[in-house]
Amino acid sequence: MLGPSFQQRASERLAGTDALLEHHFPGDPGTRQPVHTVYLPADAFTVGTAAQWGTRADESLAGLGAAALAERVAPPGADVALVELVARAVERKLAEEPIEDIRLDFEDGFGDRGDQEEDEWAVRSARTVADAVREDTAPPFIGIRFKCLEAPTRDRGLRTLDLFLTTLVREGGLRSAGHSEDGLPRGLVLTLPKVSAVEQVLVMVEACERLEEALGLPAGRLRFEVQMETAPMILGPDGTCPIPAMLHRSHGRVEALHYGTYDYSDSLQIAAAYQSMEHPAADHGKAVMQVAVAGTGVRLSDGSTNILPVGDERQKLDAWGLHARLVRRSLERGYYQGWDLHPHQLPTRFLATYFFYREGFAPAALRLRNYVHRLESEFMDEPATARALARFVHRGVQCGAISAEELEETVGIGPQALFALAHPKAALAAASTTEGIFT
48 MLGPSFQQRA SERLAGTDAL LEHHFPGDPG TRQPVHTVYL PADAFTVGTA
98 AQWGTRADES LAGLGAAALA ERVAPPGADV ALVELVARAV ERKLAEEPIE
148 DIRLDFEDGF GDRGDQEEDE WAVRSARTVA DAVREDTAPP FIGIRFKCLE
198 APTRDRGLRT LDLFLTTLVR EGGLRSAGHS EDGLPRGLVL TLPKVSAVEQ
248 VLVMVEACER LEEALGLPAG RLRFEVQMET APMILGPDGT CPIPAMLHRS
298 HGRVEALHYG TYDYSDSLQI AAAYQSMEHP AADHGKAVMQ VAVAGTGVRL
348 SDGSTNILPV GDERQKLDAW GLHARLVRRS LERGYYQGWD LHPHQLPTRF
398 LATYFFYREG FAPAALRLRN YVHRLESEFM DEPATARALA RFVHRGVQCG
448 AISAEELEET VGIGPQALFA LAHPKAALAA ASTTEGIFT
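Those letters in the sequence shown? Residues 48 to 486, by our numbering.
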């Protein structure tokens with residue numbers, strides 16, 4: 048009864064809405080998201096840092112062993128086979144890729160040392176990052192956190208960003224080494240801390256545009272993550288949440304929001320003894336962030352715990368237990384990344400993460416197999432459920448908890464088919480390019 052004329056009118060009327068949804072809500076890109084970010088003072092980073100952290104993490108287990116710690120932090124009901132499998136996988140991880148993402152810190156971890164010293168370290172850090180990338184010792188994701196754009200540190204933060212990127216592009220040698228066409232690490236990450244207003248993000252966007260033009264970089268190459276550390280980014284002065292406006296006005300430059308446990312807690316005047324990733328105020332802030340980024344493709348990261356496993360055996364076991372529980376808690380709530388502050392936190396980061404994916408793999412794989420191959424099942428899974436199952440398994444494959452061989456054996460599909468099922472929009476876009484989609 049409506050007829051072609053009404054359909055045409057509907058299409059014309061909704062053309063703007065269609066464009067808005069396509070532009071602002073493209074969905075998750077399906078590329079690898081690191082399970083954690085390690086940060087350390089910029090002057091502490093060397094080409095051997097990742098391997099050294101792996102060694103220190105392994106040494107922290109001396110006298111206990113990965114299997115015994117795995118048994119202690121395993122989820123209830125985990126059988127011996129699962130515990131042993133996860134322990135072996137984590138031992139390999141600590142030996143082969145102990146750090147997935149690292150941030151050289153010029154903010155709180157570096158402090159105010161005067162302009163001359165920070166200038167020197169900004170240049171030196173860029174050269175060291177380039178050396179690590181060329182020597183294949185750098186983590187897959189690497190970058191800097193510079194000082195925030197509030198008035199007292201604005202000029203210093205922008206200067207450090209400029210020096211670091213300019214040195215990387217012009218002196219890093221990554222083009223000549225064949226690592227990248229633009230002179231930057233493929234996994235470059237820039238972190239803008241203590242954001243309290245949308246205008247600060249827009250200034251960062253403009254800085255990226257100017258640096259791209261000056262350094263001959265492709266438009267849009269420089270993207271950054273925003274650390275959510277202040278109350279005004281959850282509830283702005285006008286009584287609304289500014290996150291959506293920030294994202295939609297940044298022209299796709301913002302790629303992640305990272306929750307800052309201690310600065311955000313302090314901004315709410317929570318007593319130091321009660322500042323935690325699981326405080327109700329933290330859960331509220333992160334829930335707002337989660338809704339604000341839904342469908343945008345912007346990733347989320349939870350924060351950190353500063354209770355480190357560095358004391359006697361009892362203290363280490365307690366701290367490991369806390370860390371493992373917090374990592375698992377974040378994963379269950381849909382925050383697939385967090386921050387680690389010390390090498391001794393790496394064992395429980397990977398143990399908790401691998402248990403999360405291994406424990407859920409068998410039932411997810413069975414349901415995916417039934418869905419993909421149209422087999423009779425007690426579940427009548429719809430496409431949305433199949434996507435959720437596929438995304439879960441895909442993340443498990445990307446972080447190393449599940450192998451491609453296991454995927455093929457249990458589900459009957461390979462990584463590329465899994466990617467297409469988990470991220471159909473991104474798969475369609477990737478199909479038109481020759482670049483790999485699992486890098």
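Beta carbons: idealized from backbone N, C-alpha and C, even for Gly.
Residue i to residue j span [Cα, whole Å]
i	j	result
A411	L436	6 Å
L468	R442	13 Å
H470	R346	14 Å
A476	E423	32 Å
G101	R257	38 Å
E154	E197	12 Å
R380	Y404	14 Å
R372	A57	50 Å
T184	R217	21 Å
G234	F271	12 Å
L61	M48	20 Å
E406	F397	14 Å
G219	K333	37 Å
P81	R222	25 Å
G385	G74	21 Å
Q163	T207	11 Å
D313	V242	14 Å
Q362	D285	46 Å
A142	L364	22 Å
L492	A319	Given that the chain is displayed from residue 48 to residue 486, the structure contains no residue 492 and the question cannot be resolved.
G190	R375	26 Å
P88	A266	30 Å
T352	L393	12 Å
D90	P186	17 Å
V340	G110	44 Å
Q316	R414	46 Å
Beta-carbon gap between residue i and residue j smaller than 7 Å
i	j	result
T4	D148	Any answer about residue 4 is impossible in this case: the structure gives the chain only from 48 up to 486.
Y306	G350	yes
V180	P123	no
A169	L210	yes
F113	A134	A small fix is needed here, since residue 113 is Ala in this sequence, not Phe. Contact flag set, yes.
T192	D152	For the sequence presented, residue 192 should be read as Arg rather than Thr. Yes, these two residues count as a Cβ contact at 7 Å.
P289	G283	yes
E276	Y311	yes
Y418	A433	yes
L304	M336	yes
R268	E259	yes
S107	H391	yes
F157	V236	no
G77	A473	yes
Q274	P327	no
L205	D229	no
R203	C255	no
S297	V248	yes
Chain-order list of residues whose beta-carbon lies under 7 Å from that of residue i (same chain, five-residue window excluded)
i	result
A529	The chain is shown only over 48 to 486; residue 529 falls outside these bounds and no answer can be derived.
A478	none
G27	No information on residue 27 is available, as it lies outside the stretch 48 to 486 that the chain covers here.
R438	A469
F408	V440, G443 and I449
N-terminal and C-terminal residue of the beta strand (DSSP E) that residue i is part of
i	result
A303	V301 to Y306
P88	H83 to P88
R181	Note, R181: premise wrong, no beta strand (DSSP E); alpha helix (DSSP H) at D162 to R181.
R150	D148 to D152
D359	It is not in any beta strand (DSSP E) - D359 carries neither H nor E in the DSSP assignment.
G385	G385 to D387
Terminal residues of the alpha helix (DSSP H) in which residue i lies
i	result
I290	I290 to R296
D75	Careful: D75 lies outside any alpha helix (DSSP H) and carries neither H nor E.
S450	Per DSSP, S450 belongs to no alpha helix (DSSP H) and is neither H nor E.
R56	G50 to R60
Y404	L393 to V419
F466	P462 to A469
Neighbourhood of residue i by C-beta, 6 Å cutoff - its chain only, sequence neighbours within 5 removed
i	result
W367	P356 and T395
L382	First, the residue type needs correcting, since residue 382 is Tyr and not Leu in the sequence shown. Answer for Y382: L347 and D349, listed in chain order.
Y309	Q322
D65	none
Contact set for residue i: own chain, Cβ-Cβ below 8 Å, skip 5 residues either direction
i	result
V444	S450, A451, L454, P462 and L465
E138	D105 and A113
T175	F92, T93 and V94
E182	V94
R103	P390 and H391
L132	R405
Proximity test, residue i beta-carbon vs the ligand GTP heavy atom, cut-off 6 Å
i	result
G234	The ligand GTP is absent from the structure shown, which contains no ligands of any kind.
Taking only runs of the beta strand (DSSP E) that begin and end inside the stretch 190-278, which ones reach a length of at least 3 residues, in chain order? 235-239 and 271-275
Any chance you could list the alpha helix (DSSP H) runs of at least 4 consecutive residues sitting entirely within the stretch 99-146, in chain order? 113-120 and 127-143
Every unbroken beta strand (DSSP E) inside the stretch 321-356 [3 residues or more]: 346-348
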